[in-house]
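Numbering (our numbering), first residue to last: 609 to 779.
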């Protein structure tokens, strides 16, 4: 009977692809002030699809920390690239965007937004294949999320469940 060599590590379980990708891009994001890819990946959900088409987060600038500032934790500045046409709108919506980003992170990390005008690369959106959901599966999904009282969570889980239970329509 063969034994495992002591110096070889074996993975205990398969790792999700998102975990591996995060590990690969974390150094680049950290150089731009992002602790995680969350704000970049969730940008359309944070600011809305319309504004996300004309803006993108560039970096987070953290204030210099020193002995005098140790007691007062100052929030960071979120630097956002914005197309010229939407710069004024984003400037007016800055308090709302700051609140949404802070809600996303779960703490008051962003205190202000700095705008940088410039072109935003177009995001390629692939058309999703048409999907069909069996009425029985739809009932099962609705039944599974029925007791969830938090509306946004219930709606997100309903979308997820319906997506999982649906099947692509063959043409």
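Backbone N, C-alpha and C define an ideal beta-carbon position, used for all residues, glycine too. This structure is a prediction, so every number in the text was calculated from the model and none was measured.
{"Item": "Through-space distance from residue 700 to residue 768, alpha-carbon basis", "Value": "34 Å"}
{"Item": "CA-to-CA distance, residue 647 to residue 654, given in whole angstroms", "Value": "8 Å"}
{"Item": "Cβ-Cβ distance between residue 774 and residue 741 below 8 Å", "Value": "yes"}
{"Item": "Run of the beta strand (DSSP E) containing residue 721, from where it starts to where it stops", "Value": "718-725"}
{"Item": "Straight-line Cα distance separating residue 682 from residue 746", "Value": "48 Å"}
{"Item": "C-alpha distance - residue 758 paired with residue 711, whole-angstrom precision", "Value": "16 Å"}
{"Item": "Nearest-angstrom Cα separation, counted from residue 690 out to residue 795", "Value": "This structure cannot speak to residue 795, because the chain is shown only from 609 to 779."}
{"Item": "Span separating the alpha-carbon of residue 663 from that of residue 760", "Value": "24 Å"}
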